[in-house]
Every structure is written in C-alpha cells, then in structure tokens.
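Worksheet: one structure, shown below.
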Amino acid sequence: MSKVFHYNGEDFKGEVVSTKGITLVDFFATWCGPCQMLGPVLDDLSEEVDYKVVKVDVDQSRDLAAEYGVRSVPTMFIFKDGEVAEQMIGFLTKDEIKDKINSHL
70 MSKVFHYNGE DFKGEVVSTK GITLVDFFAT WCGPCQMLGP VLDDLSEEVD YKVVKVDVDQ
130 SRDLAAEYGV RSVPTMFIFK DGEVAEQMIG FLTKDEIKDK INSHL
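So the mapping is simple: my numbering equals the position in the sequence shown, first residue as 1, plus 69.
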C-alpha cells in the first residue's frame with residue numbers, strides 16, 4: 070500500500086517544513102498526463118524508502134504552488150531538514166528520482 074501523503078491544505082509547514090531529513094513533494098494536477106504517469110512511480114517509491122512523499126494538487130492549493138513558484142506540472146521539490154534542496158520539473162523515472170534524492174543524503 071502506498072505511503073504517499075496527499076496534502077489537503079492544512080499544515081504544510083508541520084508536514085514538510087518542520088520535518089527533519091528528506092521529504093519529496095510533488096506538485097501535480099489531475100488533468101496532467103505526465104503527472105498521471107508519475108503517480109504510480111511515486112507510489113512505488115514511497116514503499117521502498119524511509120522518507121516522506123507528499124503530493125500537492127496545484128488546483129486545490131494554488132497559494133502554496135505560487136509560494137514555491139510552481140509554473141508547470143509535475144514539479145517536485147526535495148526538502149532537506151525543511152529547506153528546498155532541489156527542484157525537478159517534468160516526469161522522471163523512479164531511479165532518476167532516487168539518484169537525485171540520494172545526492173542529498
């Protein structure tokens with residue numbers, strides 16, 4: 070079962086910014102083809118790793134997407150100890166995502 074946390078508009082700072090270690094945040098849209106392809110990749114990834122994977126629907130969380138400068142989807146951020154460590158735009162494979170995250174461990 071996937072361990073992806075679907076952000077619902079409450080307490081982003083508590084779920085992500087206050088978290089020690091690595092958190093992967095995916096800004097997506099339900100109508101976005103590459104986002105739909107990325108969903109199962111993130112589900113699989115969340116089963117294999119110890120860090121948190123958070124999905125944010127940009128249509129439901131426009132203010133948060135704007136705060137992080139999200140202009141296209143999918144856009145993923147690697148947070149390390151509550152700070153943005155890296156931004157990735159577009160579809161990536163599970164191995165590509167893991168490689169990028171591992172560079173911050």
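Even for Gly, the Cβ is constructed at its ideal location relative to N, Cα and C.
Between L93 and I158, the C-beta spacing is not below 8 Å. When only Cα atoms are considered, M106 and W100 end up about 11 Å apart. For the pair V123 and S172, the Cα-to-Cα distance works out to about 19 Å.
L114 counts as buried, since at least 16 other C-beta atoms from the protein chains shown sit within 10 angstroms of its C-beta. For the stretch 102-152, the full-length beta strand (DSSP E) segments reaching 3 residues or more read 121-126 and 144-149 along the chain.
In this structure, V85 is the residue among V85, D80, V73 and H75 with its C-alpha nearest to the C-alpha of V153.
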